[in-house]
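Protein chains: 2
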Amino acid sequence: MAPQLDSYFKQVDHLSGSFIERLRKAVAIPSVSADEDRRQDVVRMSEYLVSELKTLGAHVESRPLGPQPGKEHLQLPPVIVARYGSSPSKRTILVYGHYDVQPALKDDGWATEPFELTIDDKDRMYGRGSTDDKGPVLGWLNSIQAHQEAGVEFPVNLLMCFEGMEESGSEGLDEFIEKEAKKGGFFDAADAVCISDNYWLGTEKPCLTYGLRGCNYYSVEIKGPGQDLHSGVFGGAAQEPMTDLTRILAGLVDTHGTILILGIAALVAPLTDEEQSLYGHISYTMDNLYESLGSHTSVHATKEQTLMARWRYPSLSVHGIEGAFSAPGAKTVIPAKVTGKFSIRTVPDMEIEHVNRLVFAHVEKAFEKLGSKNSLRVSCQHAGKWWVASPKHWNFTAAAKAAERVFGVPPDLTREGGSIPVTITFEQATGKNVLLLPMGSSTDAAHSVNEKLDRRNYIEGTKLLGAYLHYVAEEPMTNGA
Amino acid sequence: MAPQLDSYFKQVDHLSGSFIERLRKAVAIPSVSADEDRRQDVVRMSEYLVSELKTLGAHVESRPLGPQPGKEHLQLPPVIVARYGSSPSKRTILVYGHYDVQPALKDDGWATEPFELTIDDKDRMYGRGSTDDKGPVLGWLNSIQAHQEAGVEFPVNLLMCFEGMEESGSEGLDEFIEKEAKKGGFFDAADAVCISDNYWLGTEKPCLTYGLRGCNYYSVEIKGPGQDLHSGVFGGAAQEPMTDLTRILAGLVDTHGTILILGIAALVAPLTDEEQSLYGHISYTMDNLYESLGSHTSVHATKEQTLMARWRYPSLSVHGIEGAFSAPGAKTVIPAKVTGKFSIRTVPDMEIEHVNRLVFAHVEKAFEKLGSKNSLRVSCQHAGKWWVASPKHWNFTAAAKAAERVFGVPPDLTREGGSIPVTITFEQATGKNVLLLPMGSSTDAAHSVNEKLDRRNYIEGTKLLGAYLHYVAEEPMTNGA
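In order, the protein sequences belong to chains C and F.
Residue numbering for the first sequence follows my numbering, starting at 1 and increasing by one per position.
Residue numbering for the second sequence follows my numbering, starting at 1001 and increasing by one per position.
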């Protein structure tokens, strides 16, 4: 039997003005975690959350993480953990979000003051953090409030984990989650996890996200002379590290995105008919891609190929070169030591170490073939595993029902090409299913200028989060594996 | 009959202390032309030269060059022109030098204060500008003074041209030289030109320099998406400009320095037996090269091959990429627009425009083969012609005799891999032979930290400049062509 949600939905609409005020106050706090000088604002934002949660009657704790590694004079912002309800008869859902934001300056090209929520005539609410991730975080709070004011019983025990360093590498968070997920820890009782910190694939249709690619990031350093040389004086006499490096980078991938490293393609899980059938239904067009790219320079011609290339196949990108001349103008330098940077987005069943071995062997062999007197060092700078959950798990089927209830259409089941490392941390630490349930849309410009959250996504999104909690409270517990 | 030089030489030795004081005063003026805030010091240095030249009885003019292009509030430093002697029965020699210097800060790694001449126990005189180019400029003044105090008649009419912007692109100088070389101009009467602004090949043996390579500097811009993309989100879906660029750069030159652009090799003047025979005698070893490189990563195995590669064959260096990720660390960006920079050092008989056509055709064809949807733009950022003079011209044979007289060995006849654009300007404007007559040695570290001039090079160099003027006054006028 479908949950009774009408009075909750009505109350959300009724409170929408105050929910927008809540977001306005949050956006006004410039909680930029990358900026040391803003650390007090990040802390202030954590205090705002604590205060709001207390007013709603939640049990709240502000947990210190100690000094920031490498900056011992600077304390990390606290993790805010909260519990709303602790009935043994209810399921317990753990939700995650972050209250810090990317840097933003009006001069970067913002049309409005980045730390003043500004609503235009199309109900687009502009402001840094509006969609990433203050809107979704406050969505959970709004949901509690609307239940209270509608007199509707809250359907689950809600555990909340809100961090303040997500935009700066989530320093200290992994250890914290691992500790609190253990027996007796704050997250111990969680039956499932929900993260609202990504985006719809388009602008009209909700989605549930069940997969992320991993990322292995590599450095290829080539070193020759003891110091940079003048190309007039030594050009032709010295072997040049840049010559070797361009030849190695050129052998990694071709214009059409095919990875040229022997053995990589064989690691990719084969495409099943069932999986293939999913892509055709997804609400996405090549024009959506062209709009995001700002160009027609796509690798593929069809939507299906494009989505598979982003979600379920690996890709290799060359990011740049450290140590070479990179400024405007003309400098006649022979760089003595250059470091090429590239990364491979990984997918099932590519294991980090296996990929590393193939990459190292490929690069070393390519360098050997050059017959160079320079020296080579190839290394993996960091690696994060891919993640794929079963969209048939009860956590997902509940969310799908909630999304269809709120938006009138079944949500798209999507994966993402990028990584959200905390997803795997929660999955591994709790051993529970993790659902990514986005609130914002593809046009929200998170991390960019003129970040916004549409009023519709915020208000209907608040309904979605609440509805999800009702459905997940009642969904038969099948893991869909 | 060899000129009588003994009393001149003796007087130079006698005055060596005051010559070093003259250099000390000059080094103490931080005439850094690249630094706007030092412009008054550059002007002060010009005034010091004017004052010294007047004291020596020369006719001196300080010629303004107007405001600095692009910085209309800032006046260019003046060109100091001077004339010492104007006897119709004497030959007229035009000499060039510059009184501005490269930037220098103690913090850059200097062992001593850069603007205090500091002499160590091996008579190495450290200080910014000591060898580049205040020492050589003052060498001409010292030479006049020593003639006067020795009571030896000055053998030529000496025209001097000392500029204050050499380290910053010699703004305004070309037009000035062209104007003054015309009939009735200050340089009109010149019979030959001598520039002392380069270095010995080693540390023991003097040299005369008769050739320089030219330089064509190229940009290859590849543009795809409208803005930088996230490699997680779009890797595999978008064609990446960096992929195309690395493949184009990799096809320009190989590890062993062979230029892969069709048609370039055919433009190079063939090596004659006569020219080939010159290289064996030159005082240079592979160890000298290894020491300069700070490594053993040479292209060639022999001295002769190495010198030819630096002086008489073209080379191609890839300098770097603008627009890609170039900082330390790991950034998962797909750069939207990247610009590769490379240059070709040119030699006889490579014409600038011909080389451009070959490069453009090669790059465009390589890009076409990629089948990319990105767009390409290749252009020549700037080009300077190579220069080769005949070392059999009387200007050179005179200098060779002077060098042998002072140092007891015939000088090496060298070319250089880099360019000194003013050389061609003087040659073309005056139509006369230009000789490069270096004072400093290969270890002087011009443009680097701990720049120095050895006492021997300064004092014997002053003798050399004076002796050259005696020999050039008497040398039979054969052009050696």
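Glycine included, C-beta positions come from ideal geometry on N, C-alpha and C.
Beta-bridge analysis with DSSP links T285/C to no other residue. Put simply, of G461/C, R456/C and A445/C the residue whose alpha carbon is nearest the alpha carbon of A104/C is A445/C. For F1325/F, the closest Cβ of chain C is nearer than 7 angstroms. By the CB criterion at 7 angstroms, A330/C and Y1218/F fall outside the cutoff. With contacts defined as CB atoms closer than 7 angstroms, G1257/F and G236/C qualify as a contacting pair.
For P1003/F, the closest of L1158/F, H1470/F and S1062/F by C-alpha to C-alpha distance is H1470/F. Under the three-state reduction of DSSP output, D120/C falls in the coil class, being neither helix nor strand. Distance from the CA of T1306/F to the CA of S1292/F, rounded to the nearest whole angstrom, comes to 13 angstroms. I29/C and R38/C have their C-alpha atoms spaced approximately 10 angstroms apart. V233/C and F367/C have their C-alpha atoms some 26 angstroms from each other. Exclusion of the five residues before and after M1350/F leaves L1267 as the residues of its chain whose Cβ lies within less than 6 angstroms of its Cβ.
Collapsing the DSSP output to three states places H1393/F in coil.
For I264/C, no beta strand (DSSP E) encloses it; the enclosing alpha helix (DSSP H) starts and ends at I264 to L267. Boundaries of the alpha helix (DSSP H) around H14/C: D6 to V27. Chain F has a Cβ within less than 7 angstroms of the Cβ of M242/C. Taking 8 angstroms as the upper bound on Cβ-Cβ separation, chain C lies near residues L1289, S1292, L1293, G1294, S1295, H1296, T1297, S1298, V1299 and H1300 of the stretch 1285-1300 of chain F.
The DSSP-derived three-state label of D1174/F is helix. Counting other Cβ atoms within 10 Å of its Cβ, H296/C stays below 16 and is therefore classed as exposed.
Between the C-alpha atoms of E1061/F and A1082/F there is a straight-line separation of about 6 angstroms. As computed with DSSP, S1379/F is found in a beta bridge with S1219/F. Annotated three-state conformation of K1134/F is helix, per DSSP. Interface criterion met: the Cβ of H1319/F is under 7 angstroms from a Cβ in chain C. Cβ-Cβ distances below 6 angstroms link N395/C to A192, N433 and L435 in the same chain, with the five nearest sequence neighbours on each side left out; the list follows chain order. Scanning the stretch 324-387 of chain C from its first residue to its last, the whole alpha helix (DSSP H) runs of 4-plus residues come out as 352-370.
Look at the stretch 1233-1265 of chain F and you find these whole runs of alpha helix (DSSP H), each 4 residues long or longer: 1241-1250. A Cβ-Cβ contact shorter than 7 angstroms links P391/C with L413/C.
Along the stretch 1353-1383 of chain F, going in chain order, the ones with a CB nearer than 9 angstroms to a CB of chain C are L1370, G1371, S1372, K1373, N1374, S1375, Q1381 and H1382. When only Cα atoms are considered, A361/C and L376/C end up about 12 angstroms apart. A contact is defined here as three or more CB-CB pairs under 8 angstroms, and the stretch 1110-1120 of chain F fails this definition with respect to the stretch 1193-1213 of chain F. Within chain F, no residue has its CB atom less than 9 angstroms from the CB of T414/C, the nearest being about 12 angstroms off. It is roughly 6 angstroms from the alpha-carbon of E163/C to the alpha-carbon of I80/C. Remark: C-beta atoms of R1124/F and K1452/F approach each other more closely than 7 angstroms. Beyond the five residues adjoining it in sequence on each side, E1475/F comes within less than 7 angstroms, by CB distance, of W1394, T1397 and A1398 in the same chain, given in chain order. According to the DSSP assignment, S62/C belongs to the beta strand (DSSP E) that extends over H59 to R63.
For the pair Y1048/F and Y1458/F, the Cα-to-Cα distance works out to about 19 angstroms. Interface criterion not met: the Cβ of R83/C is under 7 angstroms from no Cβ in chain F.
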